[in-house]
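Respectively, the protein sequence lines represent chains S and P. When the letters of the first sequence are read in order and numbered with this note's numbering, they come out as residues 11 to 238. When the letters of the second sequence are read in order and numbered with this note's numbering, they come out as residues 11 to 238. Take a look at the structure below.
Number of protein chains: 2
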Amino acid sequence: MSHILLVEDDSDIMRINRSFLENEGYTVHCADSVQTAAFKLEECIPDLVLLDVMLPDGDGMDFCRILRQKTQAPVIFLTARDENDDVIMGFRSGGDDYITKPYDLNVLKARIEAQLRRNAKQAPQHPKIELPCLTVDLFAGSATLDGNECPLPQRELQILYMLASQLGTRISYSDIYRNIYGCDTDDSKNTIRVNISRLKKHLNMDDMSTYEIASTSGGEYVLRRVVF
Amino acid sequence: MSHILLVEDDSDIMRINRSFLENEGYTVHCADSVQTAAFKLEECIPDLVLLDVMLPDGDGMDFCRILRQKTQAPVIFLTARDENDDVIMGFRSGGDDYITKPYDLNVLKARIEAQLRRNAKQAPQHPKIELPCLTVDLFAGSATLDGNECPLPQRELQILYMLASQLGTRISYSDIYRNIYGCDTDDSKNTIRVNISRLKKHLNMDDMSTYEIASTSGGEYVLRRVVF
DNA sequence: CCTCCAGATTACAATTTCGTAATTCAGTTC
DNA sequence: GAACTGAATTACGAAATTGTAATCTGGAGG
């Protein structure tokens, strides 16, 4: 399942760790230097990095800099140095954990799991407008009025989004048009009118709906909550 | 320009205020009771409300409750009561300012302007992902890669949005598919593949681009920043 | 009752979108 | 090299989108 990049120049340690981790079900990518590790990044972005501090061609910090350009994957330092200063340096350079050799493989496993758990894909929250009985979801490209959801074409969604983000304030034709098309034209009014008409139909907006789109004589629209 | 709802049961005060405000360029809507005021809301949502506290059929708080269902427009209380407790009650009930009679019309004007100014339409900030050299704008339905913006059809935008919101982490075909279509199917892979292909073409994504969409053997995609 | 008018709706057609299927391409294995 | 495999791209056509233009509607004023 998860991919682990193992950067370690001692071939014995490498072998032991590798087989242990593969046994645990991880896909392990190995590198014995900063350069090979950077190269490995080209073919697969890992979910977690186990990083020896002292490498033949540099140290962990060198690699961290390259890594962070590509991912926020957690980094666990594996090293023989156990001086407090070293530990602190490790965390300062962007590490998420620091394990000193020799270490128990099951402790390693536990720490890896902890890091992966914390970094578990938090379902990214889409930007939405949520009002009582009305939601507008830009990502999904849909809106829900009084419980029934319907997908909306882009133009209608944009208009509804604008209206809903300023519930109860009048917005002029040209404000809407400029915000969507970037500029204003002569017959912008008609375009907006038509799209609002379509929007109402798509949403099944009628006298019984919780919201209405009203127009003023001054060439503006308002979305309002109907309460009575 | 701005619409003001004036709620006042004394016809003399009403007349004076009305003509003064209209002279100042405001569109004034009048009501002499809570009920008429509520009715007026049906035809026009005001930008600001001037509210007498004591009305024949209720007080300002009754009306505030109705008003707040429809708009966040500022409310200025106009009243003869100048007890501290009354003032506090006014603010507690949701008022934005409190003016005691008698008052100077120019002071009224200044206070109205202050409220409108504070409430001035702050252009609503659209939800965007902004990375160096790459932006994804769900509202506009477009993305910008290395300086050139291009509109994207919904499906491609959704995919790019997902990838960009988790830069450098692998996302499986079915994660993408489920997030967009709500369920998974047999030939979801092909659909995603085709759309990613189209996406790359639309973005003019090539070897020179700052970002690339890589695929793994395990059936996943990653968006990554190319650094070397 | 007729006219007028602005806003709302509907009609239409060019364009775009998008899933499916066919094809091409690249890397492996024999 | 040939055959194979899976990924990437291209082809295709049904359906959706959307600006423009035509039509409808309902109220104001004569």
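C-beta: ideal position from N, C-alpha, C; glycine also.
Scanning the segment 62–104 of chain S from its first residue to its last, the whole beta strand (DSSP E) runs of 3-plus residues come out as 85–89. Rounded to whole angstroms, the gap between the alpha carbons of residue 157 (chain S) and residue 118 (chain P) is 44 Å. With contact defined as three or more Cβ pairs closer than 8 Å, the segment 93–102 of chain S and the segment 106–115 of chain P are not in contact.
One thing to note: residue 16 (chain S) has its Cβ no nearer than 8 Å to the Cβ of residue 33 (chain S). Around the C-beta of residue 237 (chain S), fewer than 16 other C-beta atoms lie within 10 Å, and the residue is accordingly described as exposed. Each of S:67, S:31 and S:224 was checked against the Cα of residue 59 (chain S), and the nearest Cα belongs to S:31. With 16 or more other Cβ atoms inside 10 Å of its own Cβ, residue 168 (chain S) counts as buried.
The Cβ atoms of residue 223 (chain P) and residue 174 (chain P) do not sit closer than 8 Å to each other. When Cβ-Cβ separations below 8 Å define contact, residue 175 (chain P) makes contact with chain S. Within the segment 111–142 of chain S, the complete beta strand (DSSP E) runs of at least 3 residues fall at 138–141. Comparing alpha-carbon positions, the option among P:79, P:71, P:66 and P:68 lying closest to residue 52 (chain P) turns out to be P:79.
Contact check for residue 76 (chain S) against residue 234 (chain P) fails: the beta carbons are separated by 8 Å or more. Residue 235 (chain P): member of the beta strand (DSSP E) spanning 230–235, first to last residue. Approximately 11 Å separates the beta-carbon atoms of residue 86 (chain S) and residue 62 (chain S); this is outside 8 Å, ruling out the contact. In summary, residue 172 (chain P) is buried, with 16 or more beta-carbon neighbours lying within 10 Å of its beta-carbon over all protein chains present.
Between residue 126 (chain S) and the set S:40, S:152 and S:57, the nearest pair of CA atoms involves S:57. A residue is called buried when at least 16 other Cβ atoms come within 10 angstroms of its Cβ; residue 160 (chain P) does not meet this threshold and is exposed. Per DSSP, the continuous beta strand (DSSP E) segment holding residue 224 (chain S) begins and ends at 221–225. Neighbourhood of residue 178 (chain S) in chain P, by CB distance below 8 Å: 55, 80, 81, 82 and 83, in chain order.
By the rule that beta-carbons nearer than 8 Å mark a contact, residue 149 (chain S) touches chain P. The beta-carbon of residue 164 (chain S) is placed less than 8 Å from the nearest beta-carbon of chain P. Annotation for residue 199 (chain P): 183 place their beta carbon closer than 6 Å to its own, counting only its chain and skipping 5 residues before and after. Per the DSSP secondary-structure output, residue 41 (chain S) pairs in a beta bridge with S:17. At a beta-carbon threshold of 8 Å, the residues of chain S lying near residue 237 (chain P) are 76, 79 and 80, ordered along the chain. Under the Cβ distance rule, residue 171 (chain P) counts among the residues neighbouring chain S, one pair being separated by less than 8 Å. Taking each of P:155, P:90 and P:20 in turn and checking the Cα distance to residue 145 (chain P), the smallest one comes out for P:155.
When DSSP states are grouped into helix, strand and coil, residue 150 (chain P) belongs to the coil group. The beta carbons of residue 153 (chain P) and residue 141 (chain P) sit no closer together than 8 Å. In the DSSP assignment, residue 189 (chain P) falls within the alpha helix (DSSP H) that extends over 183–191.
By alpha-carbon distance to residue 215 (chain P), the top candidate from P:38, P:170 and P:81 is P:170. Proximity of chain P to residue 232 (chain S) at the Cβ level (cut-off 7 Å) is accounted for by 55, in chain order.
The residue from S:193, S:220 and S:232 with its alpha-carbon nearest to that of residue 180 (chain S) is S:232.
Between residue 94 (chain S) and residue 121 (chain S), the alpha-carbon positions lie close to 19 Å from each other.
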